[in-house]
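Here is the structure we will look at, set down as structure tokens.
Protein chains in written order, with our numbering: chain A, 31 to 106; chain B, 92 to 470.
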């Protein structure tokens, strides 16, 4: 059954939210959703760009009080 | 209070020594007891493997007897943990013994997992174990020219290792008079050459200046050894003559077998350092799932924080930590064989690396010796 995971990448300069997403994706099943929390505005561009490039599904981005919530779905 | 430390790497060793110093009177009075369990009687200075791979040090320089690094008050046993009974505050070991604890610290570290990528273990060179670093050194010595690809998996131990090895390889081949015969190429998983933006702003132009070509958004999918092709998840085929890989890592198998954390990473509170849902179980170093660098300095600063907190629990009987871990990390960055810089950052402040200098390189060379004082908790 598909799950939703939260990756709290706030304050993570290294490895950073995108690297953390790449690492966590290895532990997920196809269909799982991952919501990445980042206080780096760059994540709102970098994560969707990589997700499209590698072939996973970009779901949404929203910003709340300086925190970007970027949701993606593992598709392969 | 019985304190049980699982793991004799940098984090466990610094924590044990820190606690032994803080709790001298309590240890002598029998009010506290520190026990450390490890899989080996040797302690390795892991960053030294980078120098071993390029022939700048020898294996014996990387090891000390673990007992020689520990304060006398620490009971040390070579007897790796096999079964964690967290509900009963017990750990069972390989020898069949069972250790009780009031406070448990898990610092078992991580290992490279090259075997998880098809063709990688058989066709790439690595520098994360003594055996693979020596093999890489011999391979470099035999190499007569061609395309050298350095590729990076996620997550990996030592965030600066990819940059350090590519810059050191540049100087290594230059030193052998082979610059015109070797093309260095570097791949990185995200859309710049390093996860730290300010580090990437320095390293990217530096690579360009040195003629090192790059591929970003490149995640290792498989290696075709017969055709000498490295394939990425993003769909790129990259030919190579010599492949050097920083493979994805995972935590130790004993962690996953005991159900403490997927792929061996234990869910850990990023400031309190306790295992999620467990007030008397703490995790430091690579073993945590905290989104932070898997580096010796991370383990070092976490161990200092935890040492203060556990000592406070013993001395004052308080359950609440007196200090939060602030995410502090300090990493040297070798920018070749004779220049270096560094990055220091925490949860709130990004790094601001300076231009590499010879002085910083020699400081790093000195630290390679000073490490043993650091492990003893003196530095």
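Cβ coordinates follow ideal geometry from the N, Cα and C atoms, glycine included.
Quick caveat, the model's predicted, so the values are computed rather than measured.
With its beta carbon at least 8 Å from every one in chain B, residue 81 of chain A lies outside the interface. One thing to note: residue 204 of chain B has its Cβ within 8 Å of the Cβ of residue 340 of chain B. For residue 254 of chain B, the closest of B/125, B/332, B/240 by C-alpha to C-alpha distance is B/240.
Looking from the CA of residue 177 of chain B, the closest CA among B/291, B/369, B/446 belongs to B/369.
Residue environment for residue 116 of chain B: exposed (fewer than 16 other C-beta atoms within 10 angstroms of its C-beta).
Remark: three or more beta-carbon pairs, one from each stretch, lie closer than 8 Å, so the region 366-386 of chain B and the region 344-357 of chain B are flagged as touching. Around the beta-carbon of residue 98 of chain A, 16 or more other beta-carbon atoms lie within 10 Å, marking it buried. Measuring C-alpha to C-alpha distances from residue 462 of chain B to each of B/306, B/329, B/134, B/119 identifies B/134 as the nearest.
Leaving aside the five residues that flank residue 212 of chain B on each side, the residues in its chain whose CB is nearer than 6 Å to its CB run, in chain order, 205, 206. Put simply, the CB of residue 436 of chain B is near chain A, with a gap under 8 Å to one of its CB atoms. For residue 76 of chain A, the number of other beta carbons within 10 angstroms of its own is at least 16, and it is reported as buried. Nearest C-alpha to residue 37 of chain A among A/45, A/95, A/93, A/50: A/50. Under a criterion of Cβ atoms nearer than 7 Å, no residue of chain A is adjacent to residue 211 of chain B; the nearest Cβ is some 14 Å distant.
With a threshold of 8 Å between beta carbons, residue 369 of chain B makes no contact with chain A.
Remark: fewer than three beta-carbon pairs, one from each stretch, lie closer than 8 Å, so the region 190-200 of chain B and the region 320-335 of chain B are not flagged as touching. For residue 39 of chain A, at least one C-beta of chain B is nearer than 8 Å to its own C-beta. For residue 354 of chain B, the chain A residues whose C-beta falls within less than 9 Å of its own C-beta are 53, 56, 57, listed in chain order.
Around residue 384 of chain B, the beta-carbon contacts reaching into chain A at under 8 Å are 44, 45. Annotated as distal: residue 161 of chain B and residue 126 of chain B, with beta-carbon spacing of 8 Å or more.
Per DSSP, residue 76 of chain A is one residue of the alpha helix (DSSP H) stretching across 73-84.
Within the same chain, Cβ atoms closer than 7 Å to the Cβ of residue 430 of chain B are found at 447, 448, 449, 452, the five residues on either side in sequence being excluded.
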